[in-house]
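Working notes, beginning with the structure itself.
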Amino acid sequence: MRKDERLALLEEQQILFMLLDYHIKHRKKIGMDDQEFDNYVNAALERLSEIKKLLAESTDRP
């Protein structure tokens with residue numbers, strides 16, 4: 795993985811963490827019903843898991 799790709803993933807990861815943190819703390823201000831909010835959180839967590847896997851794979855390669 796190129797350095798710029800790795801940096802982009804790290805940036806995306808950081809942004810997702812910040813968004814999730816904010817939205818979970820301010821749940822009542824979010825205009826989604828419970829199912830939509832759960833779907834949003836699950837999608838974000840799934841993407842964070844994908845990013846973690848990609849970053850781990852990139853460090854495993856010589």
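Under the working numbering, the first residue of the sequence shown is numbered 795, with each subsequent residue one higher.
Glycine residues also receive a C-beta, built at the ideal position from the N, C-alpha and C atoms.
Can the beta-carbon of residue i be found less than 8 Å from the beta-carbon of residue j?
| i | j | result |
| --- | --- | --- |
| M795 | S843 | no |
| R841 | F831 | no |
| A850 | L810 | no |
Between the alpha carbons of residue i and residue j, how many angstroms are there, rounded?
| i | j | result |
| --- | --- | --- |
| D828 | K819 | 15 Å |
| L814 | G825 | 15 Å |
Excluding the five sequence neighbours on either side, which residues of its own chain have a C-beta within less than 8 Å of the C-beta of residue i, listed in chain order?
| i | result |
| --- | --- |
| K846 | Q807 |
| R800 | L849, S852 |
How far does the alpha helix (DSSP H) with residue i in it extend, from its first residue to its last?
| i | result |
| --- | --- |
| H817 | 797-819 |
| K846 | 828-854 |
Looking only at its own chain, which residues have a Cβ that is under 7 Å from the Cβ of residue i, when we skip the five neighbours before and after it?
| i | result |
| --- | --- |
| M803 | Looking at the sequence itself, residue 803 is Leu, so the reference to Met does not match. These residues qualify, in order along the chain: I845, L848, L849. |
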